[in-house]
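*Asks:* If you read the sequence shown in the numbering used here, its first letter stands for residue 61, the second for the next number, and so on. Using N, Cα and C, we set each Cβ at its ideal position, and we do this for glycine too.
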Amino acid sequence: MSDFLPGLEGVPATKSAISFIDGEKGILSYRGYPLETLATNSTFEETTLLLLDGELPTKAALNRFSKQLRSSYRIKYHIREMMRHFPHTGHPMDMLQTAVCSLGMFYPGTECLTDADSCKDIDYVRNMTVNIIAQMAPLVAMWEHMRQGYDPINPRDDLSVAENLLYMFTGKEPDSLMARIMDVCLILHAEHTLNASTFAALVAGSTLASPYSVISAAIGTLSGPLHGGANQRVVGMLQEIGSPENVEAWVDKKLANKEVIWGMGHREYKVKDPRATILHKLVTKLVEERGGSLDKMFATAMKLEEVCVDRLGHKGVYPNVDFYSGILYSEMGIPEDQFTALFAVARSAGWLAHWREQISNNRIYRPTQIYVGHEQREYIPMSERKKAPKQ
Ligand code: COA
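#1: Quick one: Cα of serine 132 to Cα of tyrosine 272, how far?
#2: Mind pulling the alpha helix (DSSP H) runs of 4 or more residues that sit fully within the stretch 234–273?
#3: Starting from tyrosine 227 and walking both ways along the alpha helix (DSSP H), at which residues does that stretch end?
#4: Roughly how many angstroms separate the alpha carbons of lysine 127 and aspartate 183, rounded to a whole number?
#5: Please report the straight-line C-alpha distance between histidine 151 and phenylalanine 403, rounded to a whole angstrom.
#6: Assign tyrosine 184 to one of three DSSP states: helix, strand, or coil.
#7: For the stretch 150–169 and the stretch 266–284, state whether three or more C-beta atom pairs, one from each stretch, are separated by less than 8 Å.
#8: Can you tell me whether glutamine 292 is buried or exposed, with buried defined as 16 or more other CB within 10 angstroms of its CB?
#9: Once the 5 residues before and after serine 266 are set aside, which same chain residues still bring their CB inside 8 Å of it?
#10: Do isoleucine 279 and glutamine 195 count as a contact pair if the criterion is CB distance below 8 Å?
#11: Using alpha carbons as the reference points, say which of Asp113, Glu444, Pro117, Arg207 lies closest to glutamate 141.
#12: In whole angstroms, what is the alpha-carbon distance linking glutamate 84 and glutamate 328?
#13: Using DSSP with H/G/I as helix, E/B as strand and the rest coil, what is leucine 65?
#14: Compare the Cα-Cα distances from alanine 260 to each of Ser62, Pro66, Ala73 and report the closest residue.
#15: Taking C-alpha atoms, which residue in Gly302, Ala401, Gly114 lies nearest to methionine 362?
#16: Pull up the distance between the alpha-carbon of phenylalanine 383 and that of valine 294, whole angstroms please.
#17: Determine, using beta carbons only, whether glutamate 84 comes closer than 8 Å to chain B.
#18: Mapping the DSSP letters down to three states, classify serine 131 as helix, strand or coil.
#19: Taking a contact to mean a Cβ-Cβ separation below 8 Å, would you say leucine 412 touches isoleucine 192 in this structure?
#20: By DSSP, does methionine 392 sit in helix, in strand, or in coil?
#21: What residues in its chain sit with their C-beta under 6 Å from that of glycine 325, if we drop five residues either side in the sequence?
#22: For phenylalanine 146 and isoleucine 440, what's the separation of their Cα atoms in angstroms?
#23: Quick check: glutamate 251 and glycine 70, are their CB atoms within less than 8 Å of each other?
#24: Just grab the DSSP bridge partners of aspartate 82 for me.
#25: The ligand COA and lysine 375: does the residue's C-beta get closer than 7 Å to at least one heavy atom of that ligand?
#26: Quick check for students: name the residue ranges of the alpha helix (DSSP H) that lie wholly in the stretch 103–153, counting only runs of 4 or more.
#27: Please state the DSSP three-state secondary structure of tyrosine 93.
#28: Taking 8 Å as the limit between beta carbons, can you name the residues of its chain near arginine 144, skipping five residues before and five after?
#29: With a threshold of 6 Å on Cβ separation, who are the neighbours of leucine 37 within its own chain once the five nearest residues in sequence on each side are excluded?
#30: Should glycine 323 be listed as close to the ligand COA, given that the test is whether its C-beta is under 7 Å from any heavy atom?
#31: Give me the Cα-Cα distance between phenylalanine 64 and leucine 364, rounded to the nearest whole angstrom.
#32: Would you please state the rounded distance, in angstroms, between the beta carbons of glutamine 248 and alanine 99? I believe it to be under 8 Å.
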């Protein structure tokens with residue numbers, strides 16, 4: 061038996077043709093296309109089709125897909141009613157996980173998943189995929205209004221996923237710069253090989269659970285602060301530091317206390333995460349165009365990057381995707397606890413691409429363990445037990 065590797069670091073758990081990372085060189089590509097190229101030329105809709113189907117779509121195929129997505133933005137009345145009863149203090153990721161899982165009850169058809177062969181029912185797979193990707197952003201934006209006691213804003217089927225997301229959040233049609241920045245953020249977060257949440261999706265999917273259960277498992281996994289939950293903490297951290305002059309002392313104190321600097325470090329990248337590089341450029345552009353309150357937070361972030369790279373660069377710890385995304389979302393007026401939910405909106409594309417790839421050649425996951433417990437023991441009757449077990 062091979063050695064146990066904590067966190068399964070470096071253990072291949074699947075074969076996939078969807079995305080590729082070279083962590084030493086800082087390269088990420090989707091279906092062979094470098095992320096920088098997609099961030100410059102593509103849209104979230106086109107990138108999603110690329111991830112799902114493996115090829116860049118023709119104009120007609122993209123139009124068809126966009127139309128299908130837009131006509132699926134509306135959320136069923138019963139789901140809205142259910143969401144009204146959620147506690148308003150509930151975390152958006154918990155709301156999203158519950159709502160997505162509940163969607164499965166309203167969109168049946170899982171009988172075609174009862175054996176691996178019938179999973180090749182292309183229509184079912186495509187319809188469920190479109191439905192989930194289309195409804196993620198409206199659910200997240202609706203919750204923002206509902207938790208404040210207001211009616212949600214209805215989606216608009218003349219808007220792209222990014223535009224409609226911002227529209228449903230703010231009630232205003234976004235300007236072209238903000239809409240493009242959101243679109244690029246969605247592209248950057250859409251896929252990232254076999255991370256914890258994608259692995260969770262694959263494990264759930266391998267049992268032929270419904271795609272709604274699969275995505276709900278992935279959302280729960282993404283919610284943790286060591287995975288998607290870090291971006292929400294970065295803005296709080298920058299606010300706590302306050303200004304660039306405070307950065308050095310703040311970092312040294314954190315490191316002396318063995319605390320984590322949020323938005324820094326990555327299991328795969330030993331250089332700056334390529335997504336952080338693209339986001340850094342987007343923030344720079346926004347600061348040049350808008351300035352204002354963003355200036356100080358950005359200056360603090362840049363100083364923090366410089367000091368962290370100085371102190372932690374030798375361990376391969378550099379800014380990750382979460383370091384700059386929060387600054388952008390804050391400027392869009394999105395509350396910090398919604399940042400991870402936005403991450404999930406985008407990542408639904410990657411999760412579903414992996415689900416689709418796997419069910420076409422499925423085998424249930426059943427890893428093994430190294431047992432380190434007792435040998436077989438005698439059962440001791442209650443009256444003869446001397447010590448209470450350690451809790
Ligand atoms: N702040 C301070 N030190 C960090 C660090 C961070 N953000 N990330 C890694 N390190 C240090 C570790 O303490 C360790 O130091 P040591 O060798 O002296 O013990 C070394 O760098 C290697 O880190 P390790 O914890 O083994 O990396 P990992 O691959 O297990 O963990 C993360 C990766 C992402 C979980 C980790 O970097 C982290 O917690 N980052 C902050 C959370 C975050 O931003 N997550 C979003 C990821 S996209």
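*Replies:* Reading from the atomic positions:
#1: As a first step, residue 132 must be located in the sequence shown, where it is residue number 72. As a first step, residue 272 must be located in the sequence shown, where it is residue number 212. C-alpha separation (whole angstroms): 15 Å.
#2: 236–249, 256–265
#3: Your numbering for residue 227 matches position 167 in the sequence shown. That run of the alpha helix (DSSP H) goes 221–230.
#4: The residue given as residue 127 occupies position 67 in the sequence shown. The residue given as residue 183 occupies position 123 in the sequence shown. Rounded to the nearest angstrom, the two C-alpha atoms are 16 Å apart.
#5: On the sequence shown, position 91 is the one that residue 151 refers to. On the sequence shown, position 343 is the one that residue 403 refers to. Those two C-alpha atoms are separated by around 14 Å.
#6: The sequence position of residue 184 within the sequence shown is 124, counting from 1. Reduced to three states, the DSSP call for tyrosine 184 is helix.
#7: yes
#8: Within the sequence shown, the letter at position 232 stands for residue 292. Buried is the call here.
#9: What you label residue 266 is simply residue 206 of the sequence shown in a count that begins at 1. Result list for serine 266: Gln418, Asn422, Arg423, Ile424, Tyr425, in chain order.
#10: Here residue 195 refers to the residue found at position 135 when the sequence shown is read from its first residue. Here residue 279 refers to the residue found at position 219 when the sequence shown is read from its first residue. Result no, Cβ atoms of glutamine 195 and isoleucine 279 do not sit closer than 8 Å.
#11: The residue given as residue 141 occupies position 81 in the sequence shown. For glutamate 141, the nearest C-alpha among the options comes from Arg207.
#12: Taking the sequence shown and counting its residues from 1, the one referred to as residue 84 is at position 24. Taking the sequence shown and counting its residues from 1, the one referred to as residue 328 is at position 268. So the alpha carbons of these two residues sit roughly 8 Å apart.
#13: Taking the first residue of the sequence shown as position 1, residue 65 is located at position 5. Looking at leucine 65 - three-state DSSP - the assignment turns out to be coil, as it is neither helix nor strand.
#14: On the sequence shown, residue 260 is found 200 positions in, with the first residue counted as 1. If we check each option's Cα against that of alanine 260, Ala73 comes out closest.
#15: On the sequence shown, residue 362 is found 302 positions in, with the first residue counted as 1. The candidate whose alpha carbon is nearest that of methionine 362 is Gly302.
#16: Start at 1 with the first residue of the sequence shown, and residue 383 comes out as number 323. Start at 1 with the first residue of the sequence shown, and residue 294 comes out as number 234. Taking the straight line from one Cα to the other gives about 6 Å.
#17: Looking for chain B here will not work: only one protein chain is present.
#18: Counting from one through the sequence shown, the residue named residue 131 turns up at place 71. Serine 131 falls in the coil class under three-state DSSP.
#19: As a first step, residue 412 is located in the sequence shown; it is residue number 352 there, counting from the start. As a first step, residue 192 is located in the sequence shown; it is residue number 132 there, counting from the start. Contact: yes.
#20: One-based indexing of the sequence shown puts residue 392 at position 332. In the structure shown, methionine 392 sits in coil (DSSP, three-state: anything other than H, G, I, E or B).
#21: As a first step, residue 325 must be located in the sequence shown, where it is residue number 265. Excluding residues within five positions, the ones whose Cβ falls inside 6 Å are Val377.
#22: Residue 146 sits at position 86 when you count from the first residue of the sequence shown. Residue 440 sits at position 380 when you count from the first residue of the sequence shown. The straight-line gap from Cα to Cα measures roughly 46 Å.
#23: As a position in the sequence shown, residue 251 is number 191, starting the count at 1. As a position in the sequence shown, residue 70 is number 10, starting the count at 1. Cβ atoms of glutamate 251 and glycine 70: not closer than 8 Å.
#24: Within the sequence shown, numbered from 1, the residue matching residue 82 stands at position 22. According to DSSP, which records beta bridges pairwise, aspartate 82 is partnered with Ile87.
#25: On the sequence shown, position 315 is the one that residue 375 refers to. Indeed, a heavy atom of the ligand COA lies less than 7 Å from the Cβ.
#26: 104–113, 119–130, 137–144
#27: Your numbering for residue 93 matches position 33 in the sequence shown. In the structure shown, tyrosine 93 sits in a strand (DSSP, three-state: E or B).
#28: The count along the sequence shown starts at 1 and reaches residue 144 at position 84. Closer than 8 Å at the Cβ level, and outside the excluded window around arginine 144, lie Met206.
#29: The chain is shown only over 61 to 451; residue 37 falls outside these bounds and no answer can be derived.
#30: By one-based count along the sequence shown, residue 323 stands at place 263. Glycine 323 Cβ: within cutoff of the ligand COA.
#31: Here residue 64 refers to the residue found at position 4 when the sequence shown is read from its first residue. Here residue 364 refers to the residue found at position 304 when the sequence shown is read from its first residue. One C-alpha to the other measures close to 36 Å.
#32: In the sequence shown, the residue the question calls residue 248 occupies position 188. In the sequence shown, the residue the question calls residue 99 occupies position 39. Note that residue 248 corresponds to leucine in the displayed sequence, not to glutamine. Right, the Cβ-Cβ distance comes to about 6 Å (below 8 Å), so this counts as a contact.
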